[in-house]
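Numbering of the sequence shown is given in this note's numbering, commencing with residue 239 and proceeding in unit increments. The beta carbon of each residue, even a glycine, is placed where N, CA and C say it ideally should be. Beneath this line is the structure, given in structure tokens, with notes to follow.
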Amino acid sequence: MATQKHLSIQKSFTLIATINGGVLAYLTIYNFTLLRGEAGAHSSIYVSLLLTMILSALAIISYRIIFARIVSPLAHLVEETRKIESNTNDEVYLTVRGRDEVSLLAHRFNILLSKMRQAFSEIEASNNKLVHANSKISESLRYAGLLQRSILPDRQFRDVFGDEHFILWQPRDTVGGDYYILHTEADRTLVGVADCAGHGVPGAMMTMMARAGVDRSVQDLGISSPAALLMAIDTSMRSLLSDAQLSRAIATSMDMGLALIDFSNGLIRFAGAKISLYWSNGTNVYSIRSGGVTARGEHRPC
């Protein structure tokens, strides 16, 4: 099959401009010749008329070429781009009608459009995976939050203090590294708060370990001495964490404050590791500051 060769728009206009230039040059030279003499003036009128008709024909041809090769294809491309913009069908592309510059532009646009659609498809697939993964993570975090909430002694606080207490526990994430403590022996109650290093899941894991350390220390020592309990909790936490974990730069520290309330004698005994005790007589607010060391520190907290 024989291939058809098409003149490009640039070559078409170059050819027409060359012909127009040649005709205009000839008319200019011919008019200078007429100015020098009147001989052949009658025949020159016909020649000028013929050349004028040629220029007019070239002007009409130029208009037809501009309209057929530029204006009409561009208008068609604009209409098709509007359809592409409003159509979600991935199979819609610009129509390539020839091999000139406008057709080449449409072809390049189709290539770019295809690559963009492929990229958007990959982004959408990745986004769907992220949404699915985020849903699973959020579900797991909600369940982890329920588990962490289950180790908090809310019911015990209600049993001991009734309506004369409140607890403000607002983790930054679904789970967090803050928790509170309550243990009772006869007419004495040990209450406390702890701030484990880290937020979110790491902090929540630390609270589970801290809960185990607190329960073990209370079981071994009782609740009579908050200061001794803090030291025992520190030792217990160290035994739960391996030497390799302690030597690495990971956050395993914990701030804690413990207060023993002796209801029969009307006394409160407090020990804190970077957590202070605030109390009020209804008029003024006072504080008992901690010893300034964490529950993992080597010094005995006050």
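Item	Value
If you draw a straight line from the C-alpha of Val340 to the C-alpha of Glu362, how long is it?	32 Å
How far does the alpha helix (DSSP H) with Leu379 in it reach, from first residue to last?	339 to 388
Just checking my contact of Ala465 with Ala509 at CB under 8 Å: how many whole Å lie between their CB atoms?	4 Å
Rounded to whole angstroms, how far is the Cβ of Met475 from the Cβ of Met447, which I believe are closer than 8 Å?	7 Å
Any idea which residues DSSP pairs Leu312 with across the strands?	Paired residue(s): none; Leu312 is not in a bridge.
What three-state label does DSSP hand Asn258 in the structure shown?	helix
Among Asp493, Ile375, Tyr417, Glu329, which one has its Cα closest to the Cα of Lys353?	Glu329
Using a Cβ-Cβ cut-off of 7 Å (strictly less than) and excluding sequence neighbours within five positions of Arg527, which residues of its own chain qualify?	Ser514
Give a yes or no on whether the C-beta atoms belonging to Tyr418 and Ile405 are separated by under 8 Å.	yes
If you draw a straight line from the alpha carbon of Ser463 to that of Lys374, how long is it in whole angstroms?	44 Å
For Leu342 and Glu318, I'd like the C-alpha separation in whole angstroms.	15 Å
Can you tell which of Asp338, Val413, Leu459 has the C-alpha that lies nearest to the C-alpha of Arg380?	Val413
Checking the sheet assignment: what are the DSSP bridge partners for Arg426?	Glu423, Asp500
Assign Val452 to buried or exposed, taking buried as 16 or more other Cβ atoms, counted over all protein chains shown, within 10 Å of its Cβ.	buried
Who does Asp493 pair with in a DSSP beta bridge?	Asp433
With a threshold of 16 other CB atoms inside 10 Å of the CB of Ile298, please say whether the residue is buried or exposed.	exposed
Which residue or residues does DSSP assign as beta-bridge partners of Ala511?	Met494
How is the beta strand (DSSP E) around Val413 delimited, first residue to last?	Taken as a continuous stretch (DSSP letters only), Val413 belongs to no beta strand (DSSP E), as it is neither H nor E.
Thinking C-beta only, is Gly430 closer than 8 Å to Leu505?	no
Taking the alpha helix (DSSP H) that Ile471 falls in, what are its first and last residues?	464 to 478
Is DSSP giving Ile526 helix, strand or coil here?	strand
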